[in-house]
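First to last, the sequence lines map onto chains D and C.
For the first sequence, numbering that gives the first Met the number 0 gives the first residue as 0, with consecutive numbering after it.
For the second sequence, numbering that gives the first Met the number 0 gives the first residue as 0, with consecutive numbering after it.
Structure first, commentary second.
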Amino acid sequence: MNESCRVETVRDGDLAVVRTEGYINREGGEEIERCIQTLLEAGVTRIVLNLEKTKIVNSIGISILIEVLERMMERKGALAFCRLTPTIDKTFRIMGLAQYAGIHATEEEARSALSAIA
Amino acid sequence: MPSKEVSLSIPSAPGMELAATAQAEALGEAMRLSRDKIDEVKFALVEACINAFEHAGQPAGRVDLRFRVSQRPGGAEMLEVTVADRGKGFDPASVEPPQLAQKLRGGNKRGWGLKFIQSLMDEVEIRSTESGTTIVMRKYK
């Protein structure tokens, strides 16, 4: 039994939106990581991770997202999450993730917040 | 109200945690638990299963689950989920609370499971010996 994660990206200059669909477990996290690594190597520095179509994540997938965040911080980039389910939102806040990455209600809000970063 | 109980045994294999969450969802809906509470139970259950898979060790290992809807003495309904493995056990008191700041400085990124379980459920009991670990998690309606 599995529910694979699909990832779609839309790039706009040095900002990109990564939209996920499905379970963010180890495989899902690695798929997101590969996708974001490609964007970073292409010069993207600001990334919105839209989890609207992801209803469940696990701590292994989250650990990979932390690696992604660490890599972006090393490159002085910025990461923002949006469209989280209430439980994923609560979990990210329990972790203290909001201190290091934006957490926004909508993709538009997340894009605006990242665009405002010099 | 008589309690409703379902038992399930799943292989210790990635992805099987979703079979467990399907059962939790069905019982949660039957007792009219709110959607957010059902999702919190599912999240905590995924973490308990992942821990059990890792502790159960061998590929042929199995994890035993029990779901029980019952009423507590005060009258509120609750969903109780028990996850048991036959692994080597661990000392819950020795598990250090994860710190994101530390993990973002190159440390091990894992270690969030117990924190999530304890934060998302109303009551959690962990019993661990050299012959296995049992986690009992309760969510009140």
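We put the CB at the ideal spot given by N, CA and C, even for glycine.
>> For a minimum of 3 consecutive residues, which ranges assigned as the beta strand (DSSP E) are wholly contained in the stretch 10 to 74 of chain D?
In response: Segments of the beta strand (DSSP E) lying fully in the stretch 10 to 74 of chain D: 14 to 20 and 45 to 52.
>> For chain D, check one thing: does any of its Cβ atoms lie closer than 8 Å to the Cβ of residue 118 (chain C)?
In response: Residue contact with chain D for residue 118 (chain C): present (Cβ-Cβ distance below 8 Å to some residue of chain D).
>> Please classify residue 115 (chain D) as buried or exposed, where buried requires at least 16 other C-beta atoms within 10 Å of its C-beta.
In response: So residue 115 (chain D) counts as exposed.
>> Cutting at 8 Å between CB atoms, please list the residues of its own chain near residue 105 (chain D), excluding the five before and the five after it.
In response: Closer than 8 Å at Cβ, skipping near neighbours: 81 and 82.
>> Does residue 70 (chain C) come out as helix, strand or coil in the three-state DSSP assignment?
In response: Three-state result, residue 70 (chain C): strand.
> Excluding sequence positions up to five away, which residues of its chain have a Cβ less than 7 Å from the Cβ of residue 115 (chain C)?
Replying inline: Residues of the same chain with a CB within less than 7 Å of the CB of residue 115 (chain C), apart from the 5 flanking positions on each side, are 42, 43 and 46 in chain order.
> For the alpha helix (DSSP H) that residue 90 (chain C) lies in, which residues bound it at each end?
Replying inline: It is not in any alpha helix (DSSP H) - residue 90 (chain C) carries neither H nor E in the DSSP assignment.
> If we ignore side chains and look at the alpha-carbon of each, how far apart do residue 5 (chain D) and residue 74 (chain C) end up?
Replying inline: Rounded to whole angstroms, the gap between the alpha carbons of residue 5 (chain D) and residue 74 (chain C) is 44 Å.
> In chain order, what residues of the same chain lie with their CB nearer than 8 Å to the CB of residue 23 (chain C), ignoring the 5 residues before and after it?
Replying inline: Its chain contains 37, 40, 41, 44, 66, 78 and 80 as the residues whose beta carbon lies nearer than 8 Å to that of residue 23 (chain C), once the 5 sequence neighbours on both sides are disregarded; these appear in chain order.
> What in chain D is Cβ-close to residue 66 (chain C), meaning under 7 Å?
Replying inline: Going along chain D, no residue has its Cβ under 7 Å from residue 66 (chain C), so there is no contact; the nearest lies around 17 Å.
> Could you give the distance in angstroms between the alpha-carbon of residue 124 (chain C) and the alpha-carbon of residue 93 (chain C)?
Replying inline: Taking the straight line joining both Cα atoms gives about 15 Å.
> Given 8 Å as the limit, is there contact between the stretch 15 to 27 of chain D and the stretch 52 to 62 of chain D, that is, 3 or more CB pairs closer than that?
Replying inline: Yes, they touch.
> Can you tell me whether residue 28 (chain C) is buried or exposed, with buried defined as 16 or more other CB within 10 angstroms of its CB?
Replying inline: Counting Cβ neighbours within 10 Å, residue 28 (chain C) comes out exposed, since fewer than 16 surround it.
> In terms of alpha-carbon separation, which member of C:16, C:54, C:12 and C:95 lies closest to residue 85 (chain C)?
Replying inline: Residue nearest to residue 85 (chain C) within the set C:16, C:54, C:12 and C:95 is C:54 (criterion: CA-CA distance).
> Comparing the C-beta of residue 55 (chain D) with each C-beta of chain C, is any distance below 8 Å?
Replying inline: Cβ-Cβ to chain C under 8 Å: yes for residue 55 (chain D).
>> Nearest by alpha-carbon distance to residue 104 (chain C): which of D:16, D:72 and D:103 is it?
In response: From the listed residues D:16, D:72 and D:103, the smallest Cα separation to residue 104 (chain C) is found for D:72.
> For residue 18 (chain D), which residues of its own chain have a beta-carbon under 6 Å away from its beta-carbon, when the five flanking residues on both sides are left out?
Replying inline: Taken in chain order, the residues that qualify are 7 and 49.
>> Does residue 97 (chain C) pass the burial test, meaning 16 or more other C-beta atoms within 10 Å, or should it be called exposed?
In response: With at least 16 other beta carbons inside 10 angstroms of its own, residue 97 (chain C) counts as buried.
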